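Numbering (this note's numbering), first residue to last: -9 to 152. The next block holds one structure in the form of structure tokens; read it before the comments.
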């Protein structure tokens, strides 16, 4: 019995070794895949961390850009208001006359000085330096209806215009 028990124990030990080897061989591909998954998870975590950093930067940049856009819009409104005021100020220096008959090769500045001298009670010479320019401007309506073009007279000062 001594010899057979030893053989039995040896067989059992060999069987255990074979089972262990078979289990190890069966599990090895899964372990390799698990190691590969671990590497992929680590890589994914690094990418995620980088992307979170970039996202935070983009959020900061977006907020800065929105503030800049608001500032630019505010400045634009201010400039538009100033431009409108300047246009109104500039237009205050002009006098517009409509339906004044046109003539060939007319000296418009001279004619306007004579006309305005009658209304202002001043001499032509006084108005000569006060009228900066006089010109005619046409529009589609005037051209279509064959009307005389409008006359625009620009004065050197607002007091003369008034």
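A virtual CB, placed ideally from N, CA and C, is assigned to each residue, including glycine. Quantities reported herein were computed from a predicted structural model and do not represent experimental measurements.
| query | Taking the continuous beta strand (DSSP E) assigned at residue 140, which residues delimit it? | reply | Here the beta strand (DSSP E) through residue 140 covers 140 to 145.
| request: Report the three-state DSSP secondary structure of residue 84 (helix, strand or coil). | output: Three-state DSSP puts residue 84 in a strand.
| Span of the alpha helix (DSSP H) holding residue 93? | Where residue 93 is concerned, there is no enclosing alpha helix (DSSP H), given that its DSSP letter is neither H nor E.
| Unbroken alpha helix (DSSP H) run spanning residue 119, endpoints | Premise fails: residue 119 is in no alpha helix (DSSP H) and is neither H nor E.
| request: Would you mind working out which of 17, 142, 101, 115 sits nearest residue 127, comparing C-alpha positions? | output: Minimum Cα distance to residue 127 is reached at 142.
| Between which two residues does the alpha helix (DSSP H) carrying residue 135 extend? | 130 to 135 is the span of the alpha helix (DSSP H), which, as asked, contains residue 135.
| Would the segment 99 to 113 and the segment 54 to 73 be scored as touching if the rule is three or more Cβ pairs under 8 Å? | Under the 8 Å Cβ criterion, the segment 99 to 113 does not count as touching the segment 54 to 73, having fewer than three qualifying pairs.
| task | Just mark residue 121 as buried or exposed, buried being the case when its beta carbon has 16 or more other beta carbons within 10 Å. | result | A buried status is given to residue 121, since no fewer than 16 other beta-carbon atoms sit within 10 Å of its beta-carbon.
| request: Excluding the 5 residues preceding and the 5 following residue 84 in the sequence, name in chain order all residues of the same chain whose CB lies nearer than 7 Å to its CB. | output: Counting only Cβ-Cβ distances below 7 Å, and skipping sequence neighbours, we find 142, 143, 144.
| Cα-Cα separation between residue 56 and residue 146, rounded to whole angstroms | Approximately 45 Å, taken between the alpha carbons.
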